[in-house]
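Below: the structure, in structure tokens.
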Amino acid sequence: MELKEDQQTLSKAEITANWLPRYTGMPLENFGRHILLTNFYDYVRQFAARFECEIYGEGRPMQAATNSAGITIINFGIGSANAATVMDLLTAIQPAGVLFLGKCGGLKTSSEIGNFILPIAAIRGEGTSDDYLHPKVPALPSFKLHKFVSDIVATRGYEYRTGVIYTSNRRVWEHDRDFHRKLHEMTCIGIDMETATIFIAGHANQIARGALLLVSDVPITPDGVKMEQTDKRVTQDWSHIHLSIGIEAMMEIGSKGEQIKHFRY
Numbered sequence: 015m016e017l018k019e020d021q022q023t024l025s026k027a028e029i030t031a032n033w034l035p036r037y038t039g040m041p042l043e044n045f046g047r048h049i050l051l052t053n054f055y056d057y058v059r060q061f062a063a064r065f066e067c068e069i070y071g072e073g074r075p076m077q078a079a080t081n082s083a084g085i086t087i088i089n090f091g092i093g094s095a096n097a098a099t100v101m102d103l104l105t106a107i108q109p110a111g112v113l114f115l116g117k118c119g120g121l122k123t124s125s126e127i128g129n130f131i132l133p134i135a136a137i138r139g140e141g142t143s144d145d146y147l148h149p150k151v152p153a154l155p156s157f158k159l160h161k162f163v164s165d166i167v168a169t170r171g172y173e174y175r176t177g178v179i180y181t182s183n184r185r186v187w188e189h190d191r192d193f194h195r196k197l198h199e200m201t202c203i204g205i206d207m208e209t210a211t212i213f214i215a216g217h218a219n220q221i222a223r224g225a226l227l228l229v230s231d232v233p234i235t236p237d238g239v240k241m242e243q244t245d246k247r248v249t250q251d252w253s254h255i256h257l258s259i260g261i262e263a264m265m266e267i268g269s270k271g272e273q274i275k276h277f278r279y
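Using our numbering, the first residue of the sequence shown is number 15, and each one after it goes up by one.
What follows is the structure, given as structure tokens:
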């Protein structure tokens with residue numbers, strides 16, 4: 015169907031202002047300026063219990079909660095398409111910064127289960143980000159935001175690794191030896207399904223963004239593929255630490271009133 019010349023299309027701002035509450039159940043005025051993104055409802059539940067705040071979005075695609083300090087956490091689901099969607103929807107509130115708390119598979123002997131990774135970049139193997147910027151544009155975080163996160167990790171006595179993350183749309187690949195060789199050739203430190211998309215969609219939407227990833231498995235080894243029991247153990251041992259670091263980093267940025275500027279490169 016062709017659009018008639020006199021027909022008006024909705025603007026992106028109008029769409030996202032309607033869809034962010036629609037997806038999360040949270041009114042726009044309830045969102046904070048500093049956003050934590052996660053793939054896990056349990057992180058939202060832990061956050062809400064810690065700050066005694068309401069969880070919105072039960073029965074909706076995404077769940078969210080905001081504390082009294084203006085930090086909002088959103089469970090956006092899994093995969094690059096959902097990551098792109100939430101980064102688009104967040105333009106409705108123009109956040110000061112977005113930090114992704116996700117899990118990844120470790121691809122190096124130095125990235126064991128329980129390690130944290132602050133990605134210096136991500137390889138765009140997912141395809142979704144191609145709808146935002148040219149495929150040759152690098153997927154990079156906002157390094158000032160990462161500086162706050164690294165300071166919190168160090169202050170709390172934990173170690174973290176840096177390196178390049180490979181982001182893929184392919185979820186079941188652990189059996190594929192050719193794919194293993196491809197990852198080895200690219201010298202990536204880890205693999206996930208969202209980081210590159212968040213970095214590129216954030217750049218396209220002029221949103222400061224970062225990621226703190228928790229290594230939950232070592233999928234290139236036969237015994238390292240994530241199974242239910244190992245994932246439960248990682249969640250039990252590390253999720254509260256992962257979430258706490260993210261909360262402290264965003265609260266530190268908020269309390270200092272730091273502006274994490276978005277630069278076009």
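All C-beta atoms, glycine included, are put in the ideal place defined by N, C-alpha and C.
- Residue A79 holds the alpha-carbon nearest to the alpha-carbon of E66 among P75, D56, A79 and Y55.
- Excluding five sequence positions before and after G177, the CB atoms of its chain that fall closer than 6 Å to its own CB belong to I203, given in chain order.
- Between A136 and I179, the C-beta spacing is below 7 Å.
- Taking C-beta atoms under 8 Å as the contact rule, L115 and H256 qualify, at a distance of about 6 Å.
- Look at Q22 here: in three-state DSSP terms it is coil, with no helix or strand label.
- Only residues of its own chain outside the window of five on either side were considered, and among them I203 have a CB closer than 7 Å to the CB of K122, listed in chain order.
- At a cut-off of 3 residues, the continuous stretches assigned as beta strand (DSSP E) that sit fully inside the stretch 145 to 189 are 174 to 182.
- Within the stretch 190 to 235, the complete alpha helix (DSSP H) segments of 4 residues or longer fall at 191 to 199 and 209 to 218, listed in chain order.
- DSSP lists V229 as the beta-bridge partner residues of C118.
- Distances from the alpha-carbon of R138 to those of A168, A63 and L147 put L147 closest.
- When the five nearest sequence neighbours on each side are left out, the beta carbons in the same chain lying within less than 8 Å of the beta carbon of A27 are those of T105 and A106, in order along the chain.
- Rounded to the nearest whole angstrom, the C-alpha separation of V58 and N32 is 22 Å.
- Nearest Cα to M207 within the set W252, I29, K196 and E140: E140.
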